[in-house]
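In this note's numbering, the protein residues as written are 20 to 602.
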Amino acid sequence: MRFQKNTISFRLLTLLLIIFFILISLVTVNNAIAINDIQNNAYQTMEETLAVYNNRINDNFNKVENYLVNFAYDDLDIRILDTKDPSSTQWFSALYRLQKNFTNSLPIYEMNGFFLYSAPQDTLITEAGSNFSFKTLNIIKGHIRSLMQDKNFTNTLNTKSWFPVLIDDQYYLFRVLQIHDSYVGSWINTDTTLYPLVGSELNDYIFLINCDGKVLNSSAPISSLSPDVFIYPENNPLDDHLIEINGKTNLLVSHKMDLMDSYIVSLVPKSKFFNETQFYLILLIIALLFIFCLMILTVIITKRWVIKPLSDLSVAITSLRNGDFDTILSTKNVSAEFNDVYQGFNEMVQRIKTLKINVYEEKLSKQGVQMKYLKLQTTPHFLINCLSMVYQLIKLDKTDLSIIMLKDLSNHLRYTLTSEKTVTLEQELMHVENYVELSSIRYPNAINLHTDCTADSLRATVIPLIIQNFVENTIKYEVEIDKQINIYVSSHLEERNNIKYLVISIWDTGSGYNEKILKKLQNMSQYVKNNRSPHIGISNVYERASLLFGENNFEFRFSNRPGAGAGVDIELPFIPLIREEED
20 MRFQKNTISF
30 RLLTLLLIIF
40 FILISLVTVN
50 NAIAINDIQN
60 NAYQTMEETL
70 AVYNNRINDN
80 FNKVENYLVN
90 FAYDDLDIRI
100 LDTKDPSSTQ
110 WFSALYRLQK
120 NFTNSLPIYE
130 MNGFFLYSAP
140 QDTLITEAGS
150 NFSFKTLNII
160 KGHIRSLMQD
170 KNFTNTLNTK
180 SWFPVLIDDQ
190 YYLFRVLQIH
200 DSYVGSWINT
210 DTTLYPLVGS
220 ELNDYIFLIN
230 CDGKVLNSSA
240 PISSLSPDVF
250 IYPENNPLDD
260 HLIEINGKTN
270 LLVSHKMDLM
280 DSYIVSLVPK
290 SKFFNETQFY
300 LILLIIALLF
310 IFCLMILTVI
320 ITKRWVIKPL
330 SDLSVAITSL
340 RNGDFDTILS
350 TKNVSAEFND
360 VYQGFNEMVQ
370 RIKTLKINVY
380 EEKLSKQGVQ
390 MKYLKLQTTP
400 HFLINCLSMV
410 YQLIKLDKTD
420 LSIIMLKDLS
430 NHLRYTLTSE
440 KTVTLEQELM
450 HVENYVELSS
460 IRYPNAINLH
470 TDCTADSLRA
480 TVIPLIIQNF
490 VENTIKYEVE
500 IDKQINIYVS
510 SHLEERNNIK
520 YLVISIWDTG
530 SGYNEKILKK
540 LQNMSQYVKN
550 NRSPHIGISN
560 VYERASLLFG
570 ENNFEFRFSN
580 RPGAGAGVDI
590 ELPFIPLIRE
600 EED
């Protein structure tokens, strides 16, 4: 069934599709919002984790700074170390106490080591954790001594906080305070600083990076980053935090450190970060598949229970409209409502069929009577003229002509008084030739009949006298004793839109129609209604054609032919060899 916009089938399916589209949209939007919220929450959790650890680092570094300050300003041993003779017992005692202080304090603070450098005596005291090898510790001591002896460094020392130093391919964070001519400080490896965060649930790689983009951890997968990658405004879109490293897409999260000009940066593989949302994506796919299956099932059920019964009813109504009164709707497997409608339709069709048969039979009876009357309308006038002519011929002792005329008249009356409602075009032409022969006795050498009809058109069904009436009008109004008239009759078949039509053309060489009469003839329906019309024959033919073919199924086109006389083109449906007998 073809769906049209104004059908209930189209509107019902459209409504279902709209409902499911809205449902799918709501589910999709809801899940998309949920997934986005989950991702944002996970990202915020990572940011909060970095912020918490930054605070933890701050607390630890602040404790170390407080220790260093107290150590520097409250310990007189540092002053002794700077001023006393390095060979004196007092100097060595002070050195011992300072070393012991570092040793006791190191386990308390989360540092890799402490140091004290006395510039006047070029003395360096260090205390480091057991995880440092002797070689590594010596390298660190050498860097510390170099830094403390660097005037450019010591001159700007008061303006610095914690700062990174690269030692033997490892980055360390240092904090140094100056007290008199000595320097006290602490250091910690950057990997050790971030060790509690590495390998946590959402942190595969975590490292420190300075504001210039230099990575301060040896374990990081990269050595540098562009600052605009990790320095970003708040509420930045999540997609802007994705970065590709070593062929893999990672989510980057950063947090500014408070005690140094650096950032804590975390890299999480995209697949791992979005892993929590995979469950919701699967749920979304399952929900969409379920909705899609439900939509298909609903459409199938709707088509089976609603649209198909409506379609069957529509087809049955169309068949009934086209004249098929044998249409019956099956009430099997339909709902109770459609069952009632179907039964009512079947009963209605049966009643219409019975009524139509009765009306049709009554109409046929009336048409038979009317056709008889119309055919006999033209007979009396012509019969009287012929009988008068025979009388004159006998009176003039023209027996041969009178015999011919009586024979032709007999054929004429047999044809006009036949009970048949239809004849073939061939029979009608034979009758016209007989009629012209009759008229030629009255008007010798005045009438010439020319016929040009295709063989296939001769089988067409026409009404009796359809051509003879127009030939009779020509003879009646145009033929004179001393004037010759030519009458032409042609016929052929035409096909339009797979429908065949019979086209009959009748014209003469007379003076043609009066303009006033022609205008009336070109509006035949109104012309026929005029009971005072003198052209009974034309009205007669038109009415009988209406009864047989239907009022809108044929056409009469009247005209005055250029260089000739009156003409008429008759177009009828082509119905081959149909003969109906009257009851």
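Yeah, the Cβ is synthetic: ideal placement off N, Cα and C, and Gly gets one too.
Is Glu129 helix, strand or coil by DSSP? coil
Apart from the five residues on each side of it in sequence, which residues of its chain come closer than 6 Å, Cβ to Cβ, to Arg116? Asp96
Any heavy atom of the ligand NAP within a distance shorter than 7 Å of the CB on Ile486? In the structure shown, the ligand NAP is absent, as is every other ligand, since no ligand is present at all.
Taking 8 Å as the cut-off, decide whether the C-beta atoms of Phe134 and Ile144 are in contact. yes
Helix or strand or just coil, what does DSSP make of His469? strand
Please say whether Phe29 and Met314 have beta carbons closer to each other than 8 Å? no
Relative to the alpha-carbon of Leu512, which residue among Ser124, Asp475, Ser165 and Ala53 has its alpha-carbon at the smallest distance? Asp475
Per DSSP, what kind of secondary structure is Tyr136 in: helix, strand or coil? strand
To which residues of the same chain is Asp280 closer than 6 Å at the C-beta, ignoring the five residues directly before and after it? Cys230
Below 7 Å CB to CB, which residues in the same chain sit around Asn73 once its five sequence neighbours on both sides are set aside? His274, Met276, Asp277 and Ile283
Secondary structure of Asn123, DSSP reduced to three states: helix
Between the segment 430 to 447 and the segment 481 to 496, can you find at least three pairs of beta-carbon atoms closer than 8 Å? yes
Give the secondary structure of Pro246 by DSSP, where H, G and I count as helix, E and B as strand, and everything else as coil. helix
Compute the Euclidean distance between the alpha carbons of Leu307 and Ile326, then round it to the nearest angstrom. 26 Å
Could you pull the DSSP bridge partners for Glu146 from this structure? Phe133
Give me the Cα-Cα distance between Ala583 and Asn492, rounded to the nearest whole angstrom. 16 Å
Quick check: what's the CA-CA separation for Pro183 versus Val88? 20 Å
Check whether the Cβ atoms of Ser510 and Ile523 lie closer than 8 Å to each other. yes
Which residues bound the beta strand (DSSP E) around Gln197? Gln189 to Ile198
Runs of beta strand (DSSP E) wholly within the segment 429 to 471 (minimum 3 residues, chain order): none
8 Å CB neighbourhood of Leu367 in its chain, flanking five on each side removed: The amino acid at residue 367 is misidentified as Leu; the sequence shows Met. Counting only Cβ-Cβ distances below 8 Å, and skipping sequence neighbours, we find nothing.
Curious, which full-length beta strand (DSSP E) runs of at least 3 residues does the segment 518 to 571 contain? 518 to 527
According to DSSP, is Leu32 part of a helix, a strand, or is it coil? helix
Looking at Pro246 and Asn269, is the spacing between their C-beta atoms short of 8 Å? no
If you draw a straight line from the alpha carbon of Ile304 to that of Ala70, how long is it in whole angstroms? 36 Å
From the DSSP secondary-structure annotation, give me the bridge partner or partners of Glu513. Tyr520
Give a yes or no on whether the C-beta atoms belonging to Ile504 and Asp527 are separated by under 8 Å. yes
Return the CA-CA distance between Arg580 and Met408, expressed in angstroms with no decimal places. 33 Å
Is the Cβ-Cβ distance between Ser106 and Asp200 less than 8 Å? no
Compute the Euclidean distance between the alpha carbons of Asn622 and Ile371, then round it to the nearest angstrom. An answer regarding residue 622 cannot be provided, because it is not within the stretch 20 to 602 covered by the chain.
Distance check for Arg515 and Leu468, CA to CA, integer angstroms please. 30 Å
Inter-residue Cα distance where the pair is Lys375 and Val442: 27 Å
Quick one: what's got a C-beta closer than 7 Å to Phe357's C-beta in the same chain, skipping five residues either side? Pro328
Alpha carbon to alpha carbon, what distance is there between Leu176 and Ile76? 21 Å
Tell me where the alpha helix (DSSP H) around Arg164 begins and ends. Phe153 to Gln168
Report the start-end ranges of each beta strand (DSSP E) in the segment 295 to 366 that is 3 residues or longer and not cut off at the edges. none
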